[in-house]
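Asks: All residue numbers for the sequence shown refer to my numbering, where the first residue is 334 and numbers rise by one. Submitted below is the structure of interest, expressed as structure tokens.
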Amino acid sequence: MISRREFNLGLGAALASTGTRATAAPYRGPNVIVIRYGGGVRRRETIDPAHSYSPYMLHDLAPRGVLIPDMVIDQLEGGNTSHAEGTLNILTGRYKAYRDAGSRFLTDRLEPVEPTLFEYLRDAYDIPSHQALLINGEDRPQEEFFTYGVHNHYGIDFRSEMLSLHRFKLYKVARQLEELGTDDPAHVDIEKQYQNLLAADPRDIAPKQSPDVTAFWRRWRLHYGDDGLRNPRGDRLLTELTIRAMEQLRPRLIMVNYQDPDYVHWGNASHYTRAIQVIDEGLQRIVRLADADDFYAGNTIFAIVPDCGRDANDLVSLPFQHHFNTRAAHEIFGLFFGPGITKGRVLDKQVDQTAVAPTLAALMGVQSPRTEGDILSELGA
Ligand SMILES: [Zn+2]
């Protein structure tokens with residue numbers, strides 16, 4: 334079997350010979366912000382007016398665009414309604430376009446085997462990697478694998494950059510190693526931390542992290558320091574990373590992978606509803622910045638979509654799960670708004686989660702030949 338590294342090296346050679354990127358045109362389309370309303374949420378606590386814990390999305394954002402109350406994850410043999418799977422359905426526009434990444438270090442680690450929306454965009458247009466961003470959860474290094482698909486037409490040269498606390502720790506510990514002399518007693522411990530962080534993603538990735546992203550982490554460290562006690566945590570951290578990235582890196586495509594409603598696996602229902610409120614507050618900060626900043630105002634499309642639903646039966650001993658293939662775990666929603674999208678429409682039609690990528694690609698003026706979902710022409714104003 335060909336190793337990941339050999340595969341990537343071969344791919345790089347193939348791309349160099351075609352010179353795809355050198356000829357790519359400057360991008361003049363809309364910015365796109367994808368919000369994964371993640372960690373699995375039900376329609377009831379999000380878009381149902383009688384029970385919603387997401388009032389900003391429901392009352393301020395839905396009237397600005399097209400709400401799709403009946404978006405679903407298709408019932409497929411061998412499909413799973415979970416976080417990585419749903420995220421990759423959204424990013425690739427296909428179902429089951431992933432495989433086990435085969436890590437020795439963590440389970441539950443999938444990687445796409447089809448191109449992601451990031452690759453389609455960066456293949457078609459001259460967009461540097463730091464303007465195609467995934468914002469990931471605090472300690473989900475398994476989602477580091479979503480930045481590009483293992484596919485022989487696109488791949489790592491068209492990947493997104495990743496912002497996450499894991500990435501910051503890698504930056505910080507590498508700098509600490511430089512700053513400490515090798516004879517410093519703390520050096521051994523920091524070196525151990527560094528090796529542990531590297532082990533979470535053993536791929537030998539080239540090209541390396543963009544200098545713009547390294548500069549982003551330098552500023553983050555200056556602001557929040559090294560102790561990890563002053564930066565926000567959980568999904569508030571994702572909001573903070575997103576706000577700073579929007580201000581400093583000017584991304585053209587960004588996906589924010591909120592996740593904290595998933596704490597309901599271990600806790601009670603209030604963890605879940607509180608996490609939904611935190612995402613709703615994050616949405617408010619992100620949309621307000623987009624409305625106020627000239628780079629984004631009037632030129633930014635938002636797509637809000639959950640990774641998966643959750644079980645609807647509250648009477649079972651473990652409510653709010655999503656791994657048992659119940660109907661409600663397949664029931665999600667979609668909300669699109671921005672330039673070119675009809676305002677105040679509720680699309681009364683069942684739509685697949687795989688429609689998100691081809692629809693966004695079309696809105697950006699990008700071909701997405703490997704997607705399988707529908708392009709939602711009904712969004713058009
Ligand atoms: Zn879960």
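For glycine and all other residues, C-beta sits at the position ideal for the given N, C-alpha and C. A quick note: this is a predicted structure, and the numbers were derived from the prediction, not measured.
Could you check if residue 505 is buried or exposed, using at least 16 other CB atoms within 10 Å of its CB as the buried criterion?
Replies: One-based indexing of the sequence shown puts residue 505 at position 172. Classification of residue 505: buried, given that the 10 Å Cβ count is 16 or more.
Asks: Could you give the distance in angstroms between the alpha-carbon of residue 497 and the alpha-carbon of residue 469?
Replies: Along the sequence shown, read from residue 1 onward, the residue named residue 497 stands at position 164. Along the sequence shown, read from residue 1 onward, the residue named residue 469 stands at position 136. Approximately 5 angstroms between the Cα atoms of the pair.
Asks: Of the residues 375, 390, 388 and 414, which one's Cα is nearest the Cα of residue 403?
Replies: Taking the sequence shown and counting its residues from 1, the one referred to as residue 403 is at position 70. Nearest of 375, 390, 388 and 414 to residue 403, Cα basis: 375.
Asks: Report the start-end ranges of each beta strand (DSSP E) in the stretch 355 to 404 that is 3 residues or longer and not cut off at the edges.
Replies: DSSP runs (the beta strand (DSSP E)) wholly in the stretch 355 to 404: 364 to 369.
Asks: So, at 7 angstroms on beta carbons, what are the nonlocal neighbours of residue 389 in its own chain, with the 5 sequence-adjacent residues on each side left out?
Replies: Counted from its first residue, the sequence shown places residue 389 at position 56. Cβ within range, chain order: 613, 616 and 617.
Asks: Taking the beta strand (DSSP E) that residue 586 belongs to, which residues open and close that run?
Replies: Along the sequence shown, one-based indexing puts residue 586 at 253. Per DSSP, residue 586 belongs to the beta strand (DSSP E) from 586 to 590.
Asks: Hey, residue 463 and residue 589: beta-carbon distance below 8 angstroms or not?
Replies: As a working note, residue 463 is residue 130 in the sequence shown. As a working note, residue 589 is residue 256 in the sequence shown. Not in contact: residue 463 and residue 589 (Cβ atoms no closer than 8 angstroms).
Asks: Could you tell me if residue 502 is buried or exposed, where buried requires 16 or more neighbouring beta carbons within 10 angstroms of its beta carbon?
Replies: The count along the sequence shown starts at 1 and reaches residue 502 at position 169. Buried, because 16 or more other Cβ atoms sit within 10 Å of the Cβ of residue 502.
Asks: What residues in its chain sit with their C-beta under 7 angstroms from that of residue 705, if we drop five residues either side in the sequence?
Replies: Numbered from its first residue, the sequence shown carries residue 705 at position 372. Cβ neighbours of residue 705 beyond the five flanking positions: 426, 427 and 687.
Asks: Keeping to the same chain, check which residues put their C-beta closer than 8 angstroms to that of residue 622; ignore five residues upstream and five downstream.
Replies: Here residue 622 is taken as the residue at index 289 of the sequence shown, counted from 1. Here the set comprises 576, 579, 580 and 629.
Asks: When DSSP builds the beta bridges, which residues end up paired with residue 495?
Replies: As a first step, residue 495 is located in the sequence shown; it is residue number 162 there, counting from the start. The partner list for residue 495 (beta bridge, DSSP) reads 467.
Asks: What number of angstroms, rounded off, separates the C-alpha of residue 511 from the C-alpha of residue 532?
Replies: As a working mapping, residue 511 is identified with position 178 in the sequence shown. As a working mapping, residue 532 is identified with position 199 in the sequence shown. About 20 angstroms.
Asks: In this structure, does DSSP put residue 678 in helix, strand or coil?
Replies: As a position in the sequence shown, residue 678 is number 345, starting the count at 1. Reduced to three states, the DSSP call for residue 678 is strand.
Asks: Would the C-beta of residue 415 count as close to ligand 1, meaning under 7 angstroms from any of its heavy atoms?
Replies: Counting from one through the sequence shown, the residue named residue 415 turns up at place 82. Checking the Cβ of residue 415 against ligand 1 gives yes.
Asks: So within the stretch 641 to 711, which uninterrupted beta strand (DSSP E) runs reach at least 3 residues, ignoring any that extend past its ends?
Replies: With a minimum length of 3 residues, the continuous beta strand (DSSP E) runs that stay inside the stretch 641 to 711 are 664 to 670.
Asks: Using CA coordinates, which residue listed in 493, 408, 526 and 456 is at the minimum distance from residue 487?
Replies: Taking the sequence shown and counting its residues from 1, one reaches residue 487 at position 154. Comparing Cα-Cα distances from residue 487 to each of 493, 408, 526 and 456, the minimum goes to 456.
Asks: Compute the Euclidean distance between the alpha carbons of residue 745 and residue 663, then round it to the nearest angstrom.
Replies: Summary: the structure shown does not reach residue 745, with the chain confined to residues 334 through 714, and so no result is reported for it.
Asks: Compute the minimum distance between the beta carbon of residue 398 and the heavy atoms of ligand 1, and state whether it is under 7 angstroms.
Replies: Counted from its first residue, the sequence shown places residue 398 at position 65. It does not: the Cβ of residue 398 is nowhere closer than 7 angstroms to a heavy atom of ligand 1.
Asks: Note the first and the last residue of the continuous alpha helix (DSSP H) segment covering residue 447.
Replies: Counting from 1 along the sequence shown, the entry for residue 447 is found at position 114. From DSSP, residue 447 is part of no alpha helix (DSSP H); its letter is neither H nor E.
Asks: Mapping the DSSP letters down to three states, classify residue 523 as helix, strand or coil.
Replies: On the sequence shown, residue 523 is found 190 positions in, with the first residue counted as 1. Three-state result, residue 523: helix.
Asks: Going by C-alpha to C-alpha distance, which of 574, 359, 379 and 681 sits closest to residue 609?
Replies: As a working note, residue 609 is residue 276 in the sequence shown. For the residues 574, 359, 379 and 681, the minimum Cα distance to residue 609 belongs to 379.
Asks: For residue 690, which residues of its own chain have a beta-carbon under 7 angstroms away from its beta-carbon, when the five flanking residues on both sides are left out?
Replies: Locating residue 690 in the sequence shown gives position 357, where the first residue counts as 1. Here the set comprises 423, 424, 425, 426, 450, 701, 704 and 706.
Asks: For ligand 1, I want to know if residue 373 counts as a neighbour, meaning its beta carbon is within less than 7 angstroms of at least one of the ligand's heavy atoms.
Replies: As a first step, residue 373 is located in the sequence shown; it is residue number 40 there, counting from the start. Yes.
Asks: For residue 761, does the three-state DSSP call read helix, strand or coil?
Replies: Within the shown structure, residues of the chain are numbered from 334 to 714, placing residue 761 beyond reach of any answer.
Asks: I'd like to confirm something about residue 520: is its beta-carbon nearer than 7 angstroms to some heavy atom of ligand 1, or not?
Replies: Stepping through the sequence shown from its first residue, residue 520 is reached at position 187. Because no heavy atom of ligand 1 lies under 7 angstroms away, the Cβ of residue 520 does not count as near it: no.
Asks: Just mark residue 657 as buried or exposed, buried being the case when its beta carbon has 16 or more other beta carbons within 10 Å.
Replies: As a working note, residue 657 is residue 324 in the sequence shown. When all chains shown are included, residue 657 counts as exposed.
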